[in-house]
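Read through the structure below, which is laid out as structure tokens, and then see the notes.
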Amino acid sequence: MTEVTLYHWEPNANSGKPMLALMEKGVPFASHYIDMLQFDQHKPEYLAVNPQGTIPAMTHGSRVLTESTAIMEYVNAAFPGPELMPADAQDRWRVRWWMKFMDQWLGPSFSMIGWSVFVGPRVRERDPEELAAAIERIPLPERRRAWKKAISGDFSAEEMAESRRRVALGVAKLEEELGKRDYVGSDQYSLADINIFNSTYSLPLSQPDLASKEKTPNIMRWLKRVYEREAVGKTWAMGKTDMAARYSLVMEGII
Amino acid sequence: MGPVLYHGEPNGASLTVLAALAEIGLAIPCQPIDLLAGARHALPGIAEPLAIDLGIEGEGPVLVIGGEAMTESVFLAQYLDELAGGCGLQPDDAYAHWEMLMWCRQITERLSPAAALLGNLANSQAAIAAIPADELAALTGSIVSDDLRARWQALHDGAVDAAQVADSEAKVDQAVGRCEDKLADGREFLMGAFSIADLVTYSWLAGMELIRPESFAAAPLTTAWLARVAARPCVVSALALAKTAEPLRSWAPGPEINRWG
Numbered sequence: 404m405t406e407v408t409l410y411h412w413e414p415n416a417n418s419g420k421p422m423l424a425l426m427e428k429g430v431p432f433a434s435h436y437i438d439m440l441q442f443d444q445h446k447p448e449y450l451a452v453n454p455q456g457t458i459p460a461m462t463h464g465s466r467v468l469t470e471s472t473a474i475m476e477y478v479n480a481a482f483p484g485p486e487l488m489p490a491d492a493q494d495r496w497r498v499r500w501w502m503k504f505m506d507q508w509l510g511p512s513f514s515m516i517g518w519s520v521f522v523g524p525r526v527r528e529r530d531p532e533e534l535a536a537a538i539e540r541i542p543l544p545e546r547r548r549a550w551k552k553a554i555s556g557d558f559s560a561e562e563m564a565e566s567r568r569r570v571a572l573g574v575a576k577l578e579e580e581l582g583k584r585d586y587v588g589s590d591q592y593s594l595a596d597i598n599i600f601n602s603t604y605s606l607p608l609s610q611p612d613l614a615s616k617e618k619t620p621n622i623m624r625w626l627k628r629v630y631e632r633e634a635v636g637k638t639w640a641m642g643k644t645d646m647a648a649r650y651s652l653v654m655e656g657i658i
Numbered sequence: 004m005g006p007v008l009y010h011g012e013p014n015g016a017s018l019t020v021l022a023a024l025a026e027i028g029l030a031i032p033c034q035p036i037d038l039l040a041g042a043r044h045a046l047p048g049i050a051e052p053l054a055i056d057l058g059i060e061g062e063g064p065v066l067v068i069g070g071e072a073m074t075e076s077v078f079l080a081q082y083l084d085e086l087a088g089g090c091g092l093q094p095d096d097a098y099a100h101w102e103m104l105m106w107c108r109q110i111t112e113r114l115s116p117a118a119a120l121l122g123n124l125a126n127s128q129a130a131i132a133a134i135p136a137d138e139l140a141a142l143t144g145s146i147v148s149d150d151l152r153a154r155w156q157a158l159h160d161g162a163v164d165a166a167q168v169a170d171s172e173a174k175v176d177q178a179v180g181r182c183e184d185k186l187a188d189g190r191e192f193l194m195g196a197f198s199i200a201d202l203v204t205y206s207w208l209a210g211m212e213l214i215r216p217e218s219f220a221a222a223p224l225t226t227a228w229l230a231r232v233a234a235r236p237c238v239v240s241a242l243a244l245a246k247t248a249e250p251l252r253s254w255a256p257g258p259e260i261n262r263w264g
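Residue numbers (my numbering), protein chains in the order written: chain A, 404 to 658; chain B, 4 to 264.
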């Protein structure tokens, strides 16, 4: 079999998606941990793999793949193992719709909140000159602007309020969806579950006002079911920061 | 109630889906609606409205199947292709398919919002601004999505700043540049064989030739490719559904410009 290498950060958000998809398919892969908080993704050795400097990226033989959701679709199509897309065309449409909703509408809001409370403060502890140099190395202008904002904590009250509005609305809609179907978009565990789980697994801990046994029973039932998957446990074991500790805390709260 | 495709004039997202439907040849009834009258937010027979209420594409077409509203033109084109058992609009090879998805995502995330903004400013803003206040309030009141409603309001109020326009023009130029690079090896269509990538790119770029010709001045390969796509029978059929003389000048509020990152 041609070798697969995955360049990823923590089993969380975008990096977590292809990690979990590969685990679910049973595809062996070499793991390259890219420490986002040390800006590994903008260093020459990584830019040689993905010149855009975004994570995750995956190589399969001579092929280089980027963009987490598209990588997952590739992994599902290119390798044998359990099917991670439903067979019905309308279910497939719904799975894609939810992934776009997460990637383009809800995810950036989760990310803005996450960066303002977690990434920004951690990175700000470092030498300002070193940070300025690190920002200058970012290849994509949009990402450069985004990092500048995150590092300087430069989100306006209006932007943060809009992100909080989107997260609250998105969580409410997810609760409704999981009341209609066993999984996101269909009655089968799919790429949409992997996608959305990676951004919502810690909600009961981080936003108990939005997600809890009382407020969102469908989400909690779904989270528990996904948490218990063998592939999730194996993927989380690859984490290197204290984020991993949060998983067991959430699990304790769910059971 | 059987399936219905509600669509605007054949341009932008509506053109992609109408052409995909013509390509696969399934007999799904098409119902033209007046997007600028807010008709997309008052459709009958919808039990599951989520994809309209929180859709990202703006005023795109809506396919209603079994009471469920389905939106997002690329996914509707994929759906139609798959419903027909795969009629060649998507590559079979996993890597070629990944390349097509990546291309389509570049187009829908970067070109579509930019083209929609420029197209609306050139062709629809006057009509939206002329809607009397009480009618506008009723129209925007029927829109569930707060951010789509805000885009309607911004066009009505003329609250679009010069930086947004310049950013949109740059994104149209970049999209043309990407097409030119892709076609440089002499390929006939963007992914080699005709695919959803051609439909979605043509649908947002063809109208830009009319209002921003300078983007195409040094892009002979792209201009020739646009002509090849325009000559495809499915695109000819879709454009023939137009109710106006110049459908490529027909615009309604589109996708949001990326707000973060």
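Where is the CB? At the ideal position from N, CA and C, for every residue including glycine.
message = Against chain B, does A571(A) count as a neighbour if the rule is that its beta carbon must be under 9 Å from one of theirs?
response = For the purposes of this step, residue 571(A) is taken as residue 168 along the first sequence, with counting starting at 1. Judged by the 9 Å Cβ criterion, A571(A) is not in contact with chain B.
query = Looking at L79(B) and P64(B), is the spacing between their C-beta atoms short of 9 Å?
reply = Mapped onto the second sequence, residue 64(B) falls at position 61. Mapped onto the second sequence, residue 79(B) falls at position 76. Their beta carbons are under 9 Å apart, which means P64(B) touches L79(B) by this criterion.
query = Beta-carbon of R499(A) versus every beta-carbon of chain B: anything under 9 Å?
reply = Taking the first sequence and counting its residues from 1, the one referred to as residue 499(A) is at position 96. By this cut-off, R499(A) is an interface position.
key: Classification of P544(A) by the beta-carbon crowding that lies within 10 angstroms, buried from 16 upward   = As a position in the first sequence, residue 544(A) is number 141, starting the count at 1. The residue in question, P544(A), is exposed, as its Cβ has fewer than 16 Cβ neighbours within 10 Å.
inquiry  = For chain B, check one thing: does any of its Cβ atoms lie closer than 9 Å to the Cβ of F521(A)?
reply    = Within the first sequence, numbered from 1, the residue matching residue 521(A) stands at position 118. Output row for F521(A): interface = no.
message = Under 8 Å: do the segment 461-479 of chain A and the segment 97-113 of chain B share three or more Cβ pairs, one atom per stretch?
response = yes
ask   = Does the distance from the C-beta atom of R499(A) to that of Q81(B) stay below 9 Å?
value = As a working note, residue 499(A) is residue 96 in the first sequence. As a working note, residue 81(B) is residue 78 in the second sequence. In this structure, Q81(B) lies closer than 9 Å to R499(A) by Cβ.
query = Between I458(A) and chain B, is there a C-beta pair that is closer than 9 Å?
reply = Counted from its first residue, the first sequence places residue 458(A) at position 55. Not an interface residue.
request  = Check whether the Cβ of A222(B) sits closer than 8 Å to any heavy atom of the ligand SAH, and report yes or no.
outcome  = In the structure on display, the ligand SAH does not appear, and there are no ligands present to speak of.
task = Please name the residue in E12(B), D201(B), A153(B) whose C-alpha comes closest to that of P2(B).
result = This structure cannot settle anything about residue 2(B), because the visible part of chain B is limited to 4 through 264.
message = Could you tell me the alpha carbon to alpha carbon distance between S148(B) and G61(B), rounded to whole angstroms?
response = In the second sequence, residue 148(B) corresponds to position 145, counting from 1. In the second sequence, residue 61(B) corresponds to position 58, counting from 1. Cα-Cα distance, rounded: 9 Å.
ask   = Name the residues in the segment 140-154 of chain B whose C-beta lies less than 7 Å from a C-beta of chain A; which are they?
value = none
DSSP state of Q672(A) mapped onto helix, strand, coil = There is no way to answer for residue 672(A), as the model of chain A reaches only from 404 to 658.
message = Need the endpoints of the beta strand (DSSP E) that I68(B) sits in, please.
response = Position 65 of the second sequence, counted from the start, is the residue given in the question as residue 68(B). Where I68(B) is concerned, the enclosing beta strand (DSSP E) stretches over 65-68.
Within chain B, partners of A481(A) - CB distance below 7 Å = By 1-based counting over the first sequence, the position of residue 481(A) is 78. What A481(A) touches in chain B: A97.
message = Given a cut-off of 9 Å on the beta-carbon distance, is the pair S218(B) and V163(B) in contact?
response = Reading the second sequence from its first residue, position 215 is the one you call residue 218(B). Reading the second sequence from its first residue, position 160 is the one you call residue 163(B). No. Outside cutoff.
ask   = Is W508(A) closer than 9 Å to A595(A) when the C-beta atoms are compared?
value = Translated into the one-based positions of the first sequence, residue 595(A) becomes position 192. Translated into the one-based positions of the first sequence, residue 508(A) becomes position 105. No, they are not a contact pair.
message = For a quick check, are the C-beta atoms of D84(B) and I199(B) less than 9 Å apart?
response = Locating residue 84(B) in the second sequence gives position 81, where the first residue counts as 1. Locating residue 199(B) in the second sequence gives position 196, where the first residue counts as 1. Their beta carbons are under 9 Å apart, which means D84(B) touches I199(B) by this criterion.
message = Need the endpoints of the beta strand (DSSP E) that T408(A) sits in, please.
response = Reading the first sequence from its first residue, position 5 is the one you call residue 408(A). Unbroken beta strand (DSSP E) run through T408(A): 407-411.
request  = For the segment 217-234 of chain B and the segment 182-198 of chain B, state whether three or more C-beta atom pairs, one from each stretch, are separated by less than 8 Å.
outcome  = yes
query = Would you say G419(A) and E413(A) are within 9 Å of each other, going by their C-beta atoms?
reply = Residue 419(A) sits at position 16 when you count from the first residue of the first sequence. Residue 413(A) sits at position 10 when you count from the first residue of the first sequence. Yes, they are a contact pair.
task = Take E51(B) as the anchor and find which of R497(A), E476(A), Y449(A) has the nearest alpha-carbon.
result = Counting from one through the second sequence, the residue named residue 51(B) turns up at place 48. Of the candidates R497(A), E476(A), Y449(A), the one whose C-alpha sits nearest the C-alpha of E51(B) is R497(A).
ask   = By how many angstroms is the C-alpha of S602(A) removed from the C-alpha of F442(A)?
value = As a first step, residue 442(A) must be located in the first sequence, where it is residue number 39. As a first step, residue 602(A) must be located in the first sequence, where it is residue number 199. If you take the alpha carbons of F442(A) and S602(A), they lie about 21 Å apart.
query = Three-state secondary structure (DSSP) at R190(B)?
reply = The residue you call residue 190(B) lines up with position 187 of the second sequence. If DSSP states are grouped into helix, strand and coil, R190(B) belongs with coil.
task = State the Cα-Cα distance for the pair D506(A) and R113(B), rounded to the nearest angstrom.
result = If you number the first sequence from 1, residue 506(A) lands on position 103. If you number the second sequence from 1, residue 113(B) lands on position 110. Using only the alpha carbons, I get a separation of about 14 Å.
request  = Compute the beta-carbon to beta-carbon distance between P597(A) and L577(A), rounded to the nearest angstrom, for a pair I have assumed lies under 8 Å.
outcome  = Locating residue 597(A) in the first sequence gives position 194, where the first residue counts as 1. Locating residue 577(A) in the first sequence gives position 174, where the first residue counts as 1. What sits at residue 597(A) in the sequence shown is Ile, not Pro. Contact flag wrong, Cβ pair sits at about 14 Å.
ask   = Does the beta carbon of I59(B) come closer than 9 Å to any beta carbon on chain A?
value = Looking up residue 59(B) in the second sequence gives position 56. Answer yes: the Cβ-Cβ gap between I59(B) and chain A drops below 9 Å somewhere.
task = Taking C-beta pairs closer than 7 Å, name the residues in chain B that L468(A) reaches, listed in chain order.
result = Sequence index remark: in the first sequence, residue 468(A) carries index 65 (1-based). Under the 7 Å cutoff, chain B gives W101.
Neighbour list for F192(B) in chain A, Cβ cutoff strictly below 9 Å = Translated into the one-based positions of the second sequence, residue 192(B) becomes position 189. Chain A residues near F192(B): none, gap ~20 Å exceeds 9 Å.
task = Check the Cβ of L292(B) against every Cβ in chain A and list those closer than 8 Å, keeping chain order.
result = Nothing can be reported for residue 292(B): it is not among the residues displayed for chain B, which extend from 4 to 264.
Straight-line gap, Q610(A) to F513(A) (C-alpha atoms, nearest Å) = Stepping through the first sequence from its first residue, residue 610(A) is reached at position 207. Stepping through the first sequence from its first residue, residue 513(A) is reached at position 110. Computed Cα separation, rounded: 11 Å.
query = By the criterion of Cβ-Cβ separation under 8 Å, what are the contact partners of Q455(A) in chain B?
reply = Here residue 455(A) is taken as the residue at index 52 of the first sequence, counted from 1. Within 8 Å Cβ-Cβ: nothing; Q455(A) doesn't reach chain B, min ~11 Å.
Cβ neighbour criterion (16 or more within 10 Å) applied to K643(A) = Numbered from its first residue, the first sequence carries residue 643(A) at position 240. Exposed is the call here.
Straight-line gap, Y9(B) to A23(B) (C-alpha atoms, nearest Å) = To locate residue 9(B), count along the second sequence from 1; it is residue 6. To locate residue 23(B), count along the second sequence from 1; it is residue 20. Straight-line Cα distance between these residues: approximately 14 Å.
ask   = Quick check: the segment 120-136 of chain B against the segment 239-259 of chain B, are there 3 or more CB pairs under 8 Å?
value = yes
query = DSSP puts A196(B) in a beta bridge; with which residues?
reply = In the second sequence, residue 196(B) corresponds to position 193, counting from 1. Bridge partners of A196(B): M194(B).
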